[in-house]
Structure formats: C-alpha cells, structure tokens
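At position 52 of the sequence shown the residue is numbered 46 (my numbering), and the sequence of numbers has no breaks. Quick notes on the structure that follows.
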Amino acid sequence: MNSKLSTNRRDFLTIATWTIGGLISAVLGIPAIAYIIGPALRRNKTESWTRLGPTSKVELGTPTLFKVKVERQTGWIVDSEEISVYVLTDNGSDYIAMSNICTHLGCRA
-5 MNSKLSTNRR
5 DFLTIATWTI
15 GGLISAVLGI
25 PAIAYIIGPA
35 LRRNKTESWT
45 RLGPTSKVEL
55 GTPTLFKVKV
65 ERQTGWIVDS
75 EEISVYVLTD
85 NGSDYIAMSN
95 ICTHLGCRA
C-alpha cells in the first residue's frame, strides 16, 4: 500500500500555513491592486465646457485674463473655487485657453 496518501502532522501544518497565508494575501492583495489600477479603468465623466465670456474682450496677440467659478466633487465633498484662465488669439478666430492647473492631479503648477 502506498504510504504517500497519508499526511503526517508536519505536512498538514505546512499545507495549512501556506493555504492561510495565500488567503490572507488574496484578501489584502486584490483590493490593493484594484485601488492602484482602478483610476485607469474608470470611465471619465463627460467633459463640459465652461463659458468664460465674450470673445470681443480678447485682444489680438495679448493674453486676456478670465476668472470663472468651478465646482469640483471629491467623494461627497463639493468645493467651489475661482480659477484663472488666460485666453490668447492671433487672428480672432482661433483661440488658445491656458490654465495653471495640472491635468494629471489637478494641482496648481
């Protein structure tokens, strides 16, 4: 008869320890991985345009300052802040809007 089928106490404790360690690693590891790669998989909200003001206020070749109030939601907290946007045009039909807010994390540059 094959004696390999019966497990002794040492083998049982080794298998039990590795099994419990694997379960704990899975319980802690899966949420950690989801936290790290979750933002990359999340669908962005639809982008909305914000009206700054009339284009007649923008002078040719000179950056013009516009201030606008923006609401940002982080979790359940809604913050309202005033941001500055510079608008530049060279020909009166093509406009460039510039801001000092980082597009990656939203911090001031």
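The beta-carbon is built from N, C-alpha and C at its ideal position, and this holds for glycine as well.
Cβ contact annotation for Glu76 (same chain, cutoff 6 Å, sequence separation greater than five): Lys61 and Lys63, in chain order. Considering only Leu59, Val21, Ile27 and Arg66, the residue with the shortest C-alpha distance to Ser42 is Arg66. The beta carbon of Leu46 sits closer than 8 Å to those of Phe60, Val62, Val79, Val81 and Ala91, all from its chain and outside the five residues before and after it, given in chain order. Within 10 angstroms of the beta-carbon of Val52 lie 16 or more other beta-carbons, which makes it buried. If the five residues before and after Gly15 are omitted, its C-beta is found closer than 6 Å to no C-beta atom of its own chain.
Taking 8 Å as the cut-off, the beta carbon of Asp84 is found closer than this to the beta carbon of Leu54. Around Val72, the same chain offers Glu65 and Arg66 as residues with beta carbons nearer than 8 Å, after the five sequence neighbours per side are excluded.
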